[in-house]
Every structure is written in structure tokens, then in C-alpha cells.
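Numbering (this note's numbering), first residue to last: 1303 to 2068.
Before any comments, here is the structure.
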């Protein structure tokens, strides 16, 4: 993103395309920000290889530099978002945090002289790529500001020629022919007589790392003669990739000398396709040579930036085009030139080997998503992939055999259904017309599956009265455990009068694709139904209960019993329910008052209680929500700061929830009656606070907590604690032995505690 420094007018976007090259501002303009294009793009952060840094005019050099650090993390984590410096500031460098995606450029160092820059005099190249491979800053030198960035990286192909007779920018000399390549549908350029070669456009490889890769098949060689594959033998500071006595040779001129530095390799077979890779590392001036994926030669050179000074317009393949004794006899195809030093895994991709991108050591559940990067296909595209997997046994003698699944070549991901809590290995190969890629060269991903027993299913049937004795139970499957289900179980129990119930019985559903099942029950009875799920690790917890009543067959049970709970007058009402004041008449039975936490519920005969029940004409949804509330209250149990649940009735209408009677109402309304500044109205309070006055420290409050509250009440928002600092301070307080709130010292006689007299019964809420 470029700005005119004096006015900040937008000039246009700097594009980092899939091809290598500079993206920079016009002369005299400076980089102020960057745009993050696609968050799903897997390009690594090291693909921004350099920044173009420009100095301000001489008259500004004696001035101080003002800098700001700007956090771009949020903006660069989203698609198509600009991230830029503040107005008048310009980009000086990038900061890399801790991962490999481009959205991890989280900050920029933005600098300016005190007077704006209006023109530039000098620029130099600053390599930021290596520093950005690790956490830390990568910046320009003092007084320099970025004017552009350079797009590099292993995905950037500087040149690619299939050499099958269809490349538009390849010229031929000496009549080379085109014969069958390494797969039946491909062609390769073949040199079988002297002075035959192909010319391809020159690529400027000066001052950078690079990789050259191709497939060759040598048919004959001349003893002690150099056979040129790719390069320029004639000009100083250039290079030559060649064969000599069946060895791969990479050569370059010594500085200011008519001699060559060379790196050699092991022998290359005749009449067999060999994949040749040469990697030049610019930082340590070292070369590595690979044949069929294995390193076969290496050397370190002593050279400066003069190495690979570009001359001419063409590089030659098959001969140097100048000397008659450098002819290569054989075939060449799929010549690649990359703008960086490739890794060993990336070299394998050039040979058709897919690269698994999964790196995690553990996977939740048994459904494992395997993702891989496709290889560089070249002239032999992928037809199919094979995903191999096996369980890792504790003993090498008992090692299990590999299983495989073959997929179409358009796939780059597949989900394996494995067992939970097992160790596995996974690998992927590709299949083309030339055969399957070598299994030994494929990356093996080792991981452990985790998992747990299933979560409870959710019963989706809501009807409470069933007009038949055949009841269909429907449920939604559990989520989150990750392990495949093996069975469902329906748990049923008949409810007898006065809460006495028979034992549970169970019906198993082995078809896990089913989410409903019909059972036959007795007429005119009440039942509790629950559902649980199973997997290889065992049975999960049961669902929330579903209470139903089947239609009567004509017989009516009549009881004449003294009521346990007496309903009183209404003391509160909401949209779907109401609260009554009531009385316990006698001790309830254990079946009526379910207490899953095995806590003792204390009550007195004739005790006053609050009774919460549904209002008139409420539907099934409100009823189910009320049942869920009852289940939640049962799970919470007893706590001094929560209104205590005493019991419930859910076996017949009306269903209700018994709560302790709270004479002073709910806490929220009680607090709202309080006044921290007694005797001061709102208008006076505003003026008082503007003078800097703040409420005195309450008796129950520690000094640490009071000072934190004073910080929250600072008039200038920027001086108040951040959420992060607030959380840290509060956590530290909770870990101290000294209480941050001491209610033992509470003096409710103080007027600011606003002690409230007991309300009348008409003002009570529960």
C-alpha cells in the first residue's frame, strides 16, 4: 500500500502474485501497509523474502526518528483487509510471531522523520525472509523506510518447461527430437547428435537461493567429457549443471579466475530415468545435489554477490551452444527453477510424492481427517492417491500390516474411521502413468487417537400424554465424544402411586443409524423414559428423563390422601409461570424429592415454602423448559448463595418446584434499593465525581481490591486497567490467604448499606 507522504493520498495496492518479483511504491513513495488476501492460502511467512528500503533526502538525516508499534493481528487474520500505519508514518519492518501463515505478521514498525519525506535518493536490498522464519523483528537500517516487498518461497516457480515440444518459449538448434517420456502420454526432448540443444529464457538468479530440478535419461557418455544439462558454460559468474563420467556435476566460476568450483555426485544409470535436483543456499554459499530423492553430493563455495551475474538472454539445455564437446546424449523433461532452497520434503514433491500436512500428535475421537499437499505433477499428472494406515503395536514383532484406500486424484483429504485411544501411522502415495510413488519417500504421520464415552442423547419427543400403549421414543444423537457409536439403550420405569416405582428395565437398539424406537407399555400408567449411547469405551450418561402417561383402558384409580403440600396465595408471576406461597404439611417420600447429590434436605413441619409452577394454557415447549429447570436445580444442589431447592413433583399435573421462602425478595432488587452515596442525588453526584471524589473504602473491602476499584473509576479511559490486567489481578487476589471481602466485619448500621426491613408478604418474590 503506497501513500504520498505529504498528503496520504492512496496510490494503489502492492500485489504479491504467485510469481516471484518486486511489489513496490513509485520512486519517492514509501510502504505504509499491506493487505492480507486469503486466510486459507497455505503459503508460509518466509515467502515474503525481502523489503526494499529507501533513505530520506540528506537534509532529514540529522533529525530524530519517531516510531510507533501497530498491532495488525486482527486485520491480517481476515480476508481482503488492509493493515496500515497511522497517517504520516511509514513501514520500517515486519514482526513475525510464532506460526507459519501469512496472518502471523502481527505488527509493523512504522517510522518517519519529523518532517515528511517528499523524495528519495538511495535504496538497498534488505533480506527479511530469513529473520521472519523465526520469531522477532526484521527491519530496515536506521533512517530507512520500506518502499516495497519481494515475493519468494518454494511455491514460486521462476521457470518450468515440460520439454515435450509444446513450450512456447523454447527454441531448438541442431534438430533434437521428442521421444516418449517417463509416462506413456508424455514427451521428452532427446539429444542424439552433436551441437543439438534447446534454449530457454534467462532467469536472474543473482543474490538469492534457488533450486533446479529435472528428469534425465542418459543414453551414452564420452569419457572425461562434460555433458551440459542446463546453464551457461561460457560466461563468467554463471553456472552449469552437467554430467561427467556418469556423475552429476554442478560448477561455477571462481571469482576473477578462469577456474571452476564443482560439486560431484554418485554414478547415474544409463537408459533409466533419474530425478536430478541441485539446491544453492545463498546464505552459506553451499550446494547440495540429489538423485532420486537422496543427497548424493555437496560442497561449499567462497563467493560474493558477483556469483550469477546475469549475462545474455538465454540458458541452454543439452549443450552449451558454443563448444562442440559439451553435448549431452539422452532425454530431459520437466525442468523446474524455484526461487528458494527447497526442503527434502519439497524435493520429494517434485518426484510425485504427496506431502501430509497433519502434524498433531493426538486426534480427538476416531474420525481422523488426513490432509495432504499434491505433488508437482509436471508431465505425468496424478491419477489416484493411496492412503495407507495401520495401528502401532507395543511390540515390533506384533506390528500390524498396512491397510490402504485408493482415491481419485482430485482428492487431497480423506477421513479415516479408526478406534479411540489407539496409536496409528498414516502415509499417502500418488499413482500416475509412471507407477506409484515410492512408499519409503512418503512422510509417515504418527498420532494417538483420544476419546471418551458418549454424551447423553437428547430426547426430542415432547408429548406427555400418549393415546396408546405403543410409545415411540425419538432422540438426537450425542455429539463431541468423537468415537463411533455401537448401540443405544432405552431405560424405562413404571411409576406407581405415592412415588413408589418398579425397577428399571432396558431395551437395546443396535442399529446406530436409527434415532427412534417403539416400545409397548401398560395402559393408563405413568413412565419415566431415558436414553443412553454406547461406544467402544463403554456406556455414556443417560438423557434427561421424559415423563409420559399412557391412555387409560377404562379403569380409573382413585385415591383419597391428605395433600403433602398446601398451595397458598400468588406472590409472583411471569410470562409462563407463577409463584405461590405454600406450606409443607408432612415429610415427602424419597421418590417425590429426588436428590442426586445425596445431600440432606432439612425442613420443618408446616414450613412456609415458595411453589413455582406453570401458568394456565402453557404449551409443551414451556413444560419441557420447566422440566429442564428442575433438572438444573437438582444438579446444582445446596449452596449458601443460591436459593435452595426443597423438592419437586413431575409425575402428574400440576408439576411444580418447591423452593425456600425468601422473605426479602431476590438479590438483584435488594441491591438496587441500596445507595453507595446516601443523601446525594444524581445531579449532585455527577458534579461530586467530577471533582475527583470517590466512595470511601467499605469495611469489608481489602486495600488491594479498593485500589483496583479506584483504578476502574479513573476519569480518563486510557488510564483504566485492561481486561487482561484486571483478570490477572483478581486471580492473584483469590489466591491470597487474606480475604479480599471480609463479611465478618460488616456493620449493617452504616447508612450506605441501606439495611431494609422485612417486606410484607405481598412484596415477596421467589
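Don't be surprised by glycine CBs; every beta carbon is placed ideally from N, CA and C.
Item                                                                                                                                                                                                : Value
Nearest to residue 1868 by alpha carbon, out of 1845, 1910, 1843 and 1853?                                                                                                                          : 1910
In the structure shown, what three-state DSSP assignment does residue 1503 receive?                                                                                                                 : strand
Count the other C-beta atoms from every protein chain shown that fall within 10 angstroms of the C-beta of residue 1520, then say buried if there are 16 or more, exposed otherwise.                : buried
Is the region 1814-1830 touching the region 1773-1781, taking contact as three or more C-beta pairs under 8 Å?                                                                                      : yes
Report the three-state DSSP secondary structure of residue 2028 (helix, strand or coil).                                                                                                            : helix
If you measure from the CB of residue 2015, is any heavy atom of the ligand ATP nearer than 8 Å?                                                                                                    : With respect to the ligand ATP, the structure shown offers nothing to examine, as it has no ligands at all.
Quick check on residue 1944: does DSSP put it in helix, strand or coil?                                                                                                                             : coil
So who's on the other strand from residue 1600, going by DSSP bridges?                                                                                                                              : 1590
What is the DSSP secondary structure of residue 1695, counted as helix, strand or coil?                                                                                                             : coil
Taking residue 1495 as the reference, give the member of 1591, 1627 and 1448 with the closest Cα.                                                                                                   : 1627
What does the alpha-carbon distance come out to for the pair residue 1761 and residue 1835?                                                                                                         : 12 Å
At which residues does the alpha helix (DSSP H) containing residue 1993 begin and terminate?                                                                                                        : Careful: residue 1993 lies outside any alpha helix (DSSP H) and carries neither H nor E.
Using the DSSP secondary-structure output, state which residues sit across from residue 1715 in a beta bridge.                                                                                      : 1673
Just the C-alpha distance for residue 1929 and residue 1731, rounded to the nearest angstrom, thanks.                                                                                               : 55 Å
Report the three-state DSSP secondary structure of residue 1923 (helix, strand or coil).                                                                                                            : helix
DSSP three-state label for residue 1549, please.                                                                                                                                                    : strand
Going by the beta-carbon positions, is the gap between residue 1920 and residue 1879 smaller than 9 Å?                                                                                              : yes
Please tell me whether residue 1719 and residue 1669 are closer than 9 Å, where the distance is taken between their beta carbons.                                                                   : yes
Look at the alpha carbon of residue 2037 and the alpha carbon of residue 1997, and state the distance between them as a whole number of angstroms.                                                  : 26 Å
State yes or no: is the C-beta of residue 1838 within less than 9 Å of the C-beta of residue 1764?                                                                                                  : no
Please go through the same chain and pick out, in chain order, the residues whose beta-carbon is closer than 7 Å to the beta-carbon of residue 1952, but skip the five residues on each side of it. : 1849, 1929 and 1932
Under 9 Å, do residue 1507 and residue 1639 count as touching if we go by C-beta distance?                                                                                                          : yes
Where does residue 1511 land, buried or exposed, given buried means 16+ other C-beta within 10 angstroms?                                                                                           : buried
Buried or exposed for residue 1737, please, with buried defined as at least 16 other CB atoms from any protein chain shown within 10 angstroms of its CB.                                           : exposed
Drop a sphere of 10 angstroms on the beta-carbon of residue 2014, count the other beta-carbons inside from all chains shown, and report buried for 16 or more, exposed for fewer.                   : exposed
Answer with buried or exposed for residue 1707, where buried requires no fewer than 16 other C-beta atoms within 10 angstroms of its C-beta.                                                        : exposed
Would you check if the distance between the CB atom of residue 1466 and the CB atom of residue 1681 is smaller than 9 Å?                                                                            : yes
With DSSP run on the structure shown, which of helix, strand or coil describes residue 2006?                                                                                                        : helix
Determine the extent of the alpha helix (DSSP H) in which residue 1633 is found, giving its start and end residues.                                                                                 : First-last for residue 1633: 1631-1641, but that is the beta strand (DSSP E), not the alpha helix (DSSP H).
Please classify residue 1615: is it buried, with 16 or more other beta-carbons within 10 angstroms of its beta-carbon, or exposed?                                                                  : exposed
Are there three or more Cβ pairs, one per stretch, closer than 8 Å when the region 1823-1830 is compared with the region 1738-1758?                                                                 : no
Taking 9 Å as the threshold (C-beta atoms), are residue 1691 and residue 1729 in contact?                                                                                                           : yes
What does the alpha-carbon distance come out to for the pair residue 1981 and residue 1918?                                                                                                         : 45 Å
Measuring straight from C-alpha to C-alpha, what distance separates residue 1866 and residue 1956?                                                                                                  : 14 Å
Measuring alpha carbon to alpha carbon, tell me which residue in 1756, 1983 and 1822 is nearest residue 1769.                                                                                       : 1822
Would you call residue 1446 buried or exposed, if buried means 16 or more other Cβ atoms sit within 10 Å of its Cβ?                                                                                 : buried
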